[in-house]
Structures are given as structure tokens and as C-alpha cells.
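Colleague: Okay, handing you the structure first.
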Amino acid sequence: MKRILLPLLLLVVVSLAVASPAQQNSIAGHWEGAIKLPNGDLKISVDFTAAADGKLSATITIPQQGAKDLPLTDVGLNNAEVTFAIPGVPGDPKFKGKLSADGQKIEGTFSQGGANLPCNLERKTDPVAVAKEALAGFEEVVNDAMKKFEVPGMAIAIVKGKEVVYAKGFGFRDVEKQLPVTADTLFAIGSSSKAFTTFVLGTLVDEGKIEWDKPLRTYIPWFKLYDPVMTERLSVRDTVTHRSGLPRHDLVWYNNFDSTREAFVRKLAYLEPSADLREKWQYNNLMYLTAGYLTEVITGKTWEEAVRARVFTPLDMKRSNFSVADSQKDSDFAQPYGKKESKIEKLPFRPITNIGPAGSINSSVNEMARWVTVHLNGGKYGDKKLAEAPTVADMHLAHMVMGATNPEPEITGGEYGMGWFGDNYRGHRRVQHGGNIDGFSANVVLFPKDDFGMVVLTNMNGTPLRDLIAQVAADRLLGLKPVDWIAQGAARRALAETAGKEGEKKKAVTRIAGTNPSHKLSDYVGDYEHPGYGVLKVALNGDKLETTFNKIVTPLEHWHYDTFNGGKAADGTFENMKYTFQADANGFIASIAAPFEAAVKEIVFVKKPDARLFDPAYLARFAGEYNMLGQTISISIKGNSLVANLPGQPPLDLQPNLSGDFVLKQVQVVSLHFVSGDQGKISAVEIRQPGTVLTAKRK
């Protein structure tokens with residue numbers, strides 16, 4: 126017996142009517158069953174539709190083969206005999222069967238290429254109606270859960286197949302003004318934005334403009350990583366699967382609005398990896414920024430323009446945007462909230478347009494429901510095809526094992542696709558991606574094989590309720606025995622909060638008492654720089670030091686020796702960060718080491734010399750001729766630096782150091798110290814070298 130093959134083809138519906146409209150209507154509806162193959166059942170579903178004039182049409186769905194809503198031809202019902210065919214498929218597949226007397230079953234034979242296979246269908250309730258019925262009373266669960274988790278506002282949309290079966294807002298988008306959340310309220314979706322970035326790249330793959338597995342340098346020739354071998358090997362797919370070898374390094378971009386996206390990509394050359402390429406799964410927002418920048422290079426448009434043109438516009442997502450500033454111009458947007466010392470407080474909006482491709486989209490559940498529909502339907506929304514079905518499926522596949530174990534025994538696996546996490550939820554394939562940004566938590570969840578998905582948006586910082594409420598809804602839609610996810614999650618949350626408070630009390634156990642800084646506080650003041658992270662400023666504010674990094678100001682408190690601790694501030698990003706100052710061989714404070722990225726050794730910021738020593742106007746005071754033992758040393762200005770000219774030698778470049786002196790670039794052990802008189806005028810220069818100091822007086 127030949128094995129049945131049903132290729133996935135886009136076909137044109139041809140309808141055939143051979144009976145009265147009343148008879149045809151008797152078969153209209155949703156049917157589920159199976160074709161019995163030698164190696165097991167092939168599950169199918171068929172949807173019959175009867176037009177007003179009695180004409181029948183139908184589509185078939187075969188989940189195991191990824192076929193969905195394939196149009197059928199020769200659809201007919203005559204004297205209880207049911208027929209249909211799948212056109213354009215080798216072997217001329219056809220079905221012929223009998224409708225039972227009660228109109229609830231169809232028993233027959235599916236024939237293809239000489240093989241005759243038993244096939245049965247049974248009338249089932251429309252899946253959309255079943256889904257709606259399963260969600261009866263869901264509001265009560267949501268409202269109770271929001272109280273337990275102290276979530277001000279939440280919106281939820283659920284899609285079954287091609288239809289939105291649920292869309293509702295709960296609580297308040299603005300607690301102070303008592304403004305309610307609606308299904309149209311705009312929330313920040315955070316890292317759920319990453320799937321939009323991979324989707325746009327997927328459309329470029331469909332167009333032949335890029336290939337997932339080609340090195341990124343194919344498209345950005347100047348691209349460079351810390352490791353030159355990894356530079357050559359990193360592919361486009363690697364940038365969106367969190368397997369680049371780089372840990373987060375998030376403080377490079379966090380609150381940094383001075384660097385362009387191209388500048389951020391160039392900074393990657395100075396960021397240390399913590400693993401080899403494809404060795405380890407490590408979440409990395411900068412790689413998603415790089416993927417978004419690739420979109421800009423290929424399309425000649427900004428990432429925002431590409432997403433709007435390729436996703437937002439065809440899905441009529443008119444109010445979705447890329448900036449919290451734009452959201453606040455809308456008539457229906459959510460305020461961000463967080464919990465501080467047992468109290469729910471409004472938080473400031475955090476602009477993240479700089480890292481946009483990794484997480485800056487804002488949207489509503491009504492508009493995000495269309496995005497879910499596209500992923501459930503192989504890149505299509507109605508009659509619009511946004512991407513090829515295999516490309517969309519590729520995004521959902523497991524490309525990198527995460528290596529983590531879920532604490533829930535009913536949730537197994539754990540891998541990352543391209544912009545999507547994947548696992549096995551109580552025996553069902555689940556694909557999802559959450560998002561967290563100051564004051565907002567979101568989750569987009571797909572059950573591709575079960576043909577439903579959902580969006581959960583909240584205006585609460587880091588709440589696990591975004592995941593738990595999605596699991597409650599999934600259990601209902603899958604017809605599973607309920608698990609009290611809310612109670613379990615609330616218990617874990619309470620334990621975590623208690624542990625956090627206890628841990629805070631013990632934070633000083635590593636502190637060495639009775640020590641003092643090695644220098645006076647003014648010696649620590651200055652600008653310290655790292656080529657990837659940028660400038661860390663240290664200043665005196667009264668009698669205490671404070672740091673400024675990416676415009677975030679943090680007071681410092683002495684911890685022990687030359688280590689200082691980040692104190693409480695309006696922006697608590699660097700609270701409890703340990704900054705260790707280090708001196709050079711001459712005793713000058715020369716650098717700061719801080720664990721800005723926990724997965725690698727401390728990030729070292731090197732102190733920059735006094736800025737005046739790079740100012741030509743200030744350097745002019747040193748220019749002139751100096752006499753040493755009958756020889757003339759000429760000091761001149763070149764650009765924003767000094768040059769020394771000695772008889773019989775090529776010009777020597779002078780580099781300022783932390784003491785205010787200048788080092789010979791070509792001979793690092795030799796320095797020049799300019800001597801000033803009572804009125805600050807330069808009178809001589811000392812040439813300091815190991816074992817001797819020579820003096821040249823100014824002419």
C-alpha cells in the first residue's frame with residue numbers, strides 16, 4: 126500500500142453543489158477525524174460552508190503536515206454521500222463517504238495513487254465557539270489575581286485560529302486619575318519587540334537580500350567583535366539566537382542616548398565574551414540592536430520605518446509606536462508602576478529608543494492580536510501575506526538550547542528560536558516571548574499546534590502575573606485539569622520578598638571595618654573611560670563622592686580601603702555597585718574597576734588626564750624654546766597636543782599623564798615636567814628619566 130502524501134499547496138476553491146440548499150446546510154460546520162495510515166492515524170479537520178444558493182465549499186487542515194485551511198474541490202452531498210478532493214496533488218487524492226442518519230458522522234475512504242485508506246469524520250463544535258465557552262468566568266480569575274499580585278492594570282487578548290475570541294482591559298492605566306485599562310490601551314511590550322526584528326529580517330530572507338547563515342561581515346564589512354575568530358564566524362542567525370558568546374553588557378546602552386546605533390555596534394569590539402560562539406545561550410540585547418542595524422543597512426531605512434512598512438501598516442497597527450514619548454501623546458496609554466518598599470508607586474517612563482530593535486515597541490492588545498494571528502497562520506493575515514510560512518515556522522523552531530530547568534514539572538524543555546522562547550507546556554508545544562522595561566511587563570504566547578495564542582500586557586514592573594495568567598487561560602483552552610498557578614506564584618513571590626528583605630540586612634557581611642581610603646577624596650575625582658562602555662565621571666558633592674554614568678547620578682559611600690559602594694538614588698540602577706579605585710606606580714589614582722557585567726571580569730575605566738592638557742589655548746603656555754647644556758629644545762603645538770624637537774632627532778610626541786606632566790610617546794619612560802614661576806609663567810622644563818633629571822631653562 127502506498128503512503129499518502131499531501132504536499133502543502135495554495136489552491137483555488139472550486140465548489141460543486143448537487144443537492145438542495147437545505148440538504149447542503151445539514152453538513153455545514155466543523156468536522157474532525159483521521160485518515161488511517163499503515164503507521165498510524167493522520168489527524169485532519171474539515172470545515173464545510175454552504176452558501177445561500179446551496180453551493181458547498183470546504184477546506185482541510187492537516188496539523189501534522191503543517192497544512193492549514195487548504196481549499197477542497199468537488200465538494201458535494203448527494204443522498205447522504207459526501208465527496209471532496211484535494212486538487213493539484215500527485216495521486217489525485219479524493220474522499221467518498223456516507224453521512225450517518227443522525228448527521229453527526231461521516232465514514233468513508235480516502236484514496237490516493239491506488240491506495241484506499243479508511244477515513245472518518247465527526248461533527249464537532251466550532252473551535253472558536255469552544256474557545257469562547259472555555260473562557261467563561263475568566264474575568265473573575267483575572268481580577269482576583271491582580272489583587273494578589275498588586276498589578277494596577279492589565280489587558281488580555283486571545284486569538285483562536287483567525288479570530289479574536291477575547292479582548293478586555295482590567296484595572297487602571299492611571300491609578301491616580303482612576304482611568305481604566307481598555308483593549309486599546311497602549312503599553313510598552315519590552316523584549317516582545319524582538320520577534321518583530323526577526324520577522325523583518327525574515328522578510329528580507331524571503332526577498333533574497335540576506336541569508337540567515339552567512340557571516341554578518343558579508344553585509345557589514347567593518348563589523349568587529351573582541352575575538353577576531355568569532356568576528357569572522359558570527360552569522361545573521363547568531364545575532365538573534367543569543368549564542369554570540371557575549372553576555373548582556375546591558376550598561377553599555379542603558380540610558381545612553383548619546384551613541385548612535387552604529388556606534389553601539391562598533392562598541393562590540395571592546396566587549397569581552399564569556400563563551401565561544403554557539404557554545405552557550407546568553408541573552409543579549411546588543412546583538413538584537415545589531416540585527417536591527419543590519420535591517421537599516423540592507424533596506425536603507427531606519428529599523429522603525431522597516432517595521433512599520435512590513436508589519437504595522439499591513440496589520441493596520443496604526444497606534445503602535447516605538448517611543449514612550451509617542452505613547453504619551455495618545456489618548457489611551459498606561460502609566461508605569463513599580464513596588465518600592467511595600468508600596469506601589471508610579472515610575473518615570475524609561476526611553477529605550479536607542480536599543481529599539483531589542484525592545485522599544487508600544488502597542489495595545491487589540492493591535493497585538495493581529496500580530497498573533499500572523500504567527501498562527503503562517504505569515505498571513507486575511508488575504509495579506511507578510512512572510513513565507515516556512516520562514517515564520519523557522520522563527521519558532523529551537524535553534525539554541527538554553528540549558529535551564531523549569532521549576533514546574535509540567536513545563537519541560539527550554540530553547541530559543543529567533544525572537545521566541547520555546548518549551549513543552551503540559552504536553553503542548555508553546556512558543557512565547559516576554560518583555561520587561563521599567564514599569565511594564567508583557568508576554569506574547571503562541572500554541573501553534575493547538576492554533577491559539579494570546580497577549581498579556583501590564584503596567585507593573587517585573588510582575589510574574591503576565592506568565593501565570595497566560596497559563597490559566599491556556600489550561601482552559603486546552604481542556605486540561607486546572608492548576609492553581611496564581612496561588613503557587615503568589616506563594617513564591619511572598620517567599621522571594623521575605624528572602625530579599627533578609628538578604629538586605631546581611632549585605633555588609635563582606636565589608637572590612639575600620640579602614641580608610643588611601644587618598645584624599647579630591648584625588649578620586651575625574652573622568653574615567655572604557656572604549657566600550659564610555660565615560661564614568663567621579664565628582665565631589667559636598668564631602669562625598671558621586672558617579673555619573675549615562676546621565677545616572679549615584680552617590681558613593683566608603684565601603685573599605687579604596688572600594689566605594691553605590692548608595693540610594695532617584696535611579697537605583699547602581700545601588701550597591703562596588704567601585705574599586707586603583708593607583709598607578711607613581712601613586713596617582715589611575716582607574717576604577719566595577720562589575721558592570723557579572724559574567725566577565727570587572728570592567729576597568731582608565732582615568733583621563735586633565736582636559737585642559739588637550740586644549741591648544743592652554744597648551745600655548747608651554748610652547749617655546751628651552752636651553753639645556755647649550756642645546757635648544759623646541760616645544761610646539763600640533764593640533765591639540767605638544768611636540769618636542771631635539772637637535773638631531775625626529776619630532777617627539779608628548780602625551781599628558783595624570784600628574785599633569787607629559788610623557789614621550791616614543792620613549793614612555795621619559796617625561797617632561799614644566800616648572801612655573803611665582804606668577805604661573807613657565808620658566809623651565811625638567812626632563813625626568815630613570816636615574817636622572819635634567820633641567821632646561823626657557824629662553
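Just so we're aligned, residue 126 is where the sequence shown starts under the working numbering, counting upward by one.
The beta-carbon is built from N, C-alpha and C at its ideal position, and this holds for glycine as well.
Can you give me the start and stop residues for the alpha helix (DSSP H) that residue 591 sits inside?
Modeller: 590-603
Colleague: Which full runs of the beta strand (DSSP E) of 3+ residues lie inside the region 770-801, going along the chain?
Modeller: Within the region 770-801, complete beta strand (DSSP E) segments of at least 3 residues are found at 777-781, 787-789, 796-801, given in chain order.
Colleague: Going by CA-CA distance only, name the one from 222, 708, 552, 191 that's closest to residue 200.
Modeller: Nearest Cα to residue 200 within the set 222, 708, 552, 191: 222.
Colleague: Which class does residue 527 belong to by DSSP, given the choice of helix, strand or coil?
Modeller: coil
Colleague: Using only the alpha-carbon positions, how far apart do residue 796 and residue 819 sit?
Modeller: 11 Å
Colleague: Within its chain, find whatever has a CB closer than 7 Å to the CB of residue 823; leave out the 5 residues flanking it on each side and keep chain order.
Modeller: 749, 751, 807, 808, 809
Colleague: May I ask which residues mark the beginning and end of the beta strand (DSSP E) holding residue 751?
Modeller: Residue 751 -> beta strand (DSSP E) spans 749-753.
Colleague: On the three-state DSSP scale, how would you describe residue 880?
Modeller: Because the chain in this structure spans residues 126 to 824, residue 880 falls outside the shown range and cannot be described.
Colleague: Could you tell me the boundaries of the beta strand (DSSP E) in which residue 541 lies?
Modeller: Counted as a single uninterrupted DSSP element, the beta strand (DSSP E) harbouring residue 541 occupies residues 536-541.
Colleague: Could you give the uninterrupted runs of the beta strand (DSSP E) lying entirely in the region 163-212, keeping only those of 3 residues or more?
Modeller: 165-175, 181-187, 192-196, 198-203, 206-210
Colleague: When we look at the beta-carbon of residue 612 and count the other beta-carbons within 10 Å, is it buried (16 or more) or exposed?
Modeller: exposed
Colleague: Kindly list the residues whose CB is nearer than 8 Å to the CB of residue 565, restricted to its own chain and excluding five residues on each side of it in sequence; keep chain order.
Modeller: 312, 313, 314, 315, 459, 461, 582, 583, 584, 585, 586
Colleague: On the three-state DSSP scale, how would you describe residue 295?
Modeller: Strand, per DSSP.
Colleague: Span of the beta strand (DSSP E) holding residue 671?
Modeller: In this chain, the beta strand (DSSP E) harbouring residue 671 covers 669-674.
Colleague: Helix, strand or coil: how does DSSP classify residue 610 here?
Modeller: helix
Colleague: So, are the CB atoms of residue 241 and residue 234 less than 7 Å apart?
Modeller: Using a Cβ distance threshold of 7 Å, residue 241 and residue 234 count as a contacting pair.
Colleague: Residue 677 to residue 702, Cα distance in whole Å?
Modeller: 13 Å
Colleague: Residue 477 and residue 485 - do their beta-carbons sit closer together than 7 Å?
Modeller: Their beta carbons are under 7 Å apart, which means residue 485 touches residue 477 by this criterion.
Colleague: Helix, strand or coil: how does DSSP classify residue 262 here?
Modeller: Of the three classes helix, strand and coil, the one that applies to residue 262 here is coil, per DSSP.
Colleague: Roughly how many angstroms separate the alpha carbons of residue 129 and residue 197, rounded to a whole number?
Modeller: Annotation note: pLDDT 38 at residue 129 (below 50); position unreliable, coordinate value reported separately. Using only the alpha carbons, I get a separation of about 17 Å.
Colleague: For residue 170, which of 251, 203, 225, 202 has the nearest alpha-carbon?
Modeller: 251
Colleague: Can you list, in chain order, the residues of its chain with a C-beta nearer than 8 Å to that of residue 720? Leave out the 5 residues immediately preceding and following it.
Modeller: Counting only Cβ-Cβ distances below 8 Å, and skipping sequence neighbours, we find 702, 703, 727, 728.
Colleague: Ignoring anything shorter than 3 residues or poking outside the region 461-527, list the beta strand (DSSP E) runs there in chain order.
Modeller: Entirely contained in the region 461-527, the beta strand (DSSP E) runs reaching 3 residues are, in chain order, 462-465, 468-471.
Colleague: Inspect the CB distances between the region 364-373 and the region 708-724 and report whether three or more fall short of 8 Å.
Modeller: yes
Colleague: Using only CA atoms, which one of 526, 181, 653 lies nearest to residue 545?
Modeller: Of 526, 181, 653, the residue nearest in Cα terms is 526.
Colleague: Tell me whether the beta-carbon of residue 390 lies closer than 7 Å to the beta-carbon of residue 658.
Modeller: no
Colleague: Is it right to say residue 382 is buried, meaning 16 or more other beta carbons lie within 10 angstroms of its own, or is it exposed?
Modeller: exposed
Colleague: Should residue 743 go down as buried or exposed, given a rule of 16 or more other Cβ atoms within 10 Å for buried?
Modeller: exposed
Colleague: Which whole-angstrom value is the C-beta distance of residue 790 and residue 780, which I expect to be below 8 Å?
Modeller: About 5 Å separates the Cβ atoms of residue 790 and residue 780, confirming a contact at the 8 Å cut-off.
Colleague: Could I get the ranges of all uninterrupted alpha helix (DSSP H) runs contained in the region 362-443, with 4 residues as the minimum, in chain order?
Modeller: Qualifying alpha helix (DSSP H) stretches, in chain order: 386-392, 410-424, 428-432.
Colleague: Could you give the distance in angstroms between the alpha-carbon of residue 143 and the alpha-carbon of residue 206?
Modeller: Only weak support is given to the placement of residue 143: the predicted model assigns it a pLDDT of 40, under 50, and the value that follows is read from those uncertain coordinates. Taking the straight line from one Cα to the other gives about 10 Å.
Colleague: Provide the residue(s) that pair with residue 813 in DSSP beta bridges, ordered along the chain.
Modeller: 796, 818
Colleague: Report yes if the CB atom of residue 416 is closer than 7 Å to the CB atom of residue 364, and no otherwise.
Modeller: yes
Colleague: Grab me the residues of residue 628's own chain with a C-beta within less than 7 Å of its C-beta, minus the 5 sequence neighbours each way, in chain order.
Modeller: none
Colleague: Among residues of its own chain, excluding the 5 on either side of residue 421, which ones have a beta-carbon nearer than 8 Å to its beta-carbon?
Modeller: 386, 427, 428, 431
Colleague: Got a sec, what are the start and stop residues for the beta strand (DSSP E) residue 678 sits in?
Modeller: 677-685
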